[in-house]
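First up is the structure itself, then whatever we jot down about it.
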Amino acid sequence: MLGYLIRRLAYSIFVLWGAVTIVFVVLRVVPGDPALVILGSDATPADVARLRHSMGLDQPLLVQYGHYLLDVARLHFGDSIRLGGDAMGQILLRLPATAELALAAVVFAVTVGIGLGVAAASRPNSWIDRVISVFTLVIQSTPTFWAGLVLLLIFARQLRVLPSEGAHSWQNVILPAITLGLGFLAMVTRLTRSGLLEISHESYLNTVRAKGLSERVVVFPHAIRNALIPVVTVIGLYLGSVLGGTVVIETVFAWPGAGRLIADSIGYRDYNVVQAGVILIAAIFVVVNLLVDLLYGLIDPRVSVGSVPR
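Add 304 to the 1-based position in the sequence shown for the working numbering, that's all there is to it.
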């Protein structure tokens, strides 16, 4: 157990280093000068050069990279050039709103997805199974931002039953959470259905049926427990991607979270905020995946920590 945790921590540090390096290189490659953004188009070349020197942007890229790695190792992520103050502090200030949105999306996707998956697996090849299969295929093929715009037009503009932007009440989270969770809902539905069908003829389930128990008791909790192992896996993977997806969704619905702050900071060339946001998302992704691996042993005792589940 201890050896496994040490290996995973070493792997996590490597992943975080990769994320830090990629975001650093990408931000320096894209066109745009932070000094010019701060000073405006009326600034003289001398003023721009002076500010670039004070920010260290006139140094070679490798020198900038070395300084940045040392700062990250000291947990110093620089200041926001647009908002002022610590860049990571600005991200953490918006993180609760993003976490609220991500949690609502996961709860929606898991509860509805498992329900649809059980309904489809209970009557394989029936009209209910076919309708659910077509539904999941359609929503999985639909771009997230387009689905968000359609939901906005229907429920906010035409029917006027839900707010279109902001975070003023619990109703504001409904449309962005549904939009963010649609793709994951389709995945959970398909995994639950295939998992239940795969184990439906296992001997231990036949034993439960032989005792005269109803099919509902066979599914809950005997069959669903093993069928949810791949679902738990994708929840961990999805939590990382959902945080990245909030950048688009929070912009569409004007949700005041960390994703919208990162998107705005890209436009203002606020390197420190973007880098701090990506590092935080990568760290959350790594921690969640580690917790998912540990959860395997709790869901299925046959799976030991560090082994690959069958």
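Cβ coordinates follow ideal geometry from the N, Cα and C atoms, glycine included.
Rounded straight-line distance, which links the Cα of residue j to that of residue i
i: Ala460; j: Glu554; result: 16 angstroms
i: Ile528; j: Ser473; result: 35 angstroms
i: Val480; j: Ala471; result: The question names Val, but residue 480 in the sequence shown is Pro. Near 10 angstroms, if we compare the C-alpha coordinates of Ala471 and Pro480.
i: Leu547; j: Ile585; result: 7 angstroms
i: Val612; j: Leu543; result: With a pLDDT of only 45 at Val612, under 50, the local geometry of the prediction cannot be trusted, and the value read off the model is given with reservation. Cα to Cα, the separation comes out at about 21 angstroms.
i: Ala339; j: Leu565; result: 19 angstroms
i: Leu532; j: Glu506; result: 15 angstroms
i: Gly344; j: Leu387; result: 16 angstroms
i: Val590; j: Val319; result: 8 angstroms
i: Arg614; j: Ser504; result: Note that Arg614 scores a pLDDT of 41, beneath 50, so its modelled location is shaky and nothing firm can be said.
i: Leu594; j: Arg312; result: 7 angstroms
i: Glu469; j: Val327; result: 29 angstroms
i: Gly307; j: Thr325; result: 27 angstroms
i: Leu420; j: Val535; result: 13 angstroms
i: Leu456; j: Pro447; result: 14 angstroms
i: Leu309; j: Gly563; result: 30 angstroms
i: Ala558; j: Leu466; result: 14 angstroms
i: Asp568; j: Ser445; result: 28 angstroms
i: Ile432; j: Ser426; result: 10 angstroms
i: Leu405; j: Thr493; result: 21 angstroms
i: Trp450; j: Gly549; result: 13 angstroms
i: Thr440; j: Asn429; result: 15 angstroms
Counterpart residues of residue i in DSSP-defined beta bridges
i: Asp383; result: Asp390
Where residue i falls: helix, strand or coil (DSSP)
i: Asp351; result: helix
i: Ala471; result: coil
i: Pro534; result: helix
i: Val612; result: A caution first: Val612 carries a pLDDT of 45, below 50, which makes its placement in the model unreliable, though a value can still be read off. Note: Val612 maps to coil in three-state DSSP.
i: Asn429; result: coil
i: Gly336; result: coil
i: Trp559; result: coil
i: Tyr308; result: helix
i: Glu404; result: helix
i: Asp574; result: coil
i: Pro447; result: coil
i: Asp362; result: coil
i: Met491; result: helix
i: Asp346; result: coil
i: Val454; result: helix
i: Glu506; result: coil
i: Leu463; result: coil
i: Arg304; result: This structure gives no information on residue 304, because the portion of the chain shown stretches from 305 to 614.
i: Arg378; result: coil
Nearest residue (CA-CA) to residue i, options the options
i: Val329; options: Tyr315, Arg311 and Gln368; result: Gln368
i: Ala403; options: Asp574, Gly571, Ala425 and Pro560; result: Pro560
i: Arg573; options: Ala401, Leu453, Ile385 and Leu306; result: Ile385
i: Leu495; options: Gly549, Leu456 and Val416; result: Val416
i: Ala490; options: Ile570, Ile458 and Ala413; result: Ala413
i: Ser379; options: Ile478, Val592 and Ala587; result: First, the residue type needs correcting, since residue 379 is Leu and not Ser in the sequence shown. Here the closest residue by C-alpha is Ala587.
i: Asn576; options: Gly360, Thr348 and Ala314; result: Gly360
i: Pro400; options: Leu598, Val477 and Ser358; result: Val477
i: Ala333; options: Leu365, Asp351, Pro349 and Val341; result: In the sequence under discussion, the amino acid at residue 333 is Val, which differs from the Ala named in the question. The candidate whose alpha carbon is nearest that of Val333 is Leu365.
i: Ser437; options: Phe449, Ala423 and Trp450; result: Ala423
i: Val552; options: Ile539, Leu397 and Ile570; result: Ile570
Any C-beta of chain C under 9 angstroms from that of residue i
i: Leu479; result: No chain C is present in this structure, which holds just one protein chain.
Tell me whether the region 571-582 and the region 493-504 touch, counting them as touching only if at least three CB pairs, one residue from each stretch, are closer than 8 angstroms. no
Segment contact flag, the region 401-409 with the region 478-495, C-beta cutoff 8 angstroms, min 3 pairs: Yes, the region 401-409 touches the region 478-495.
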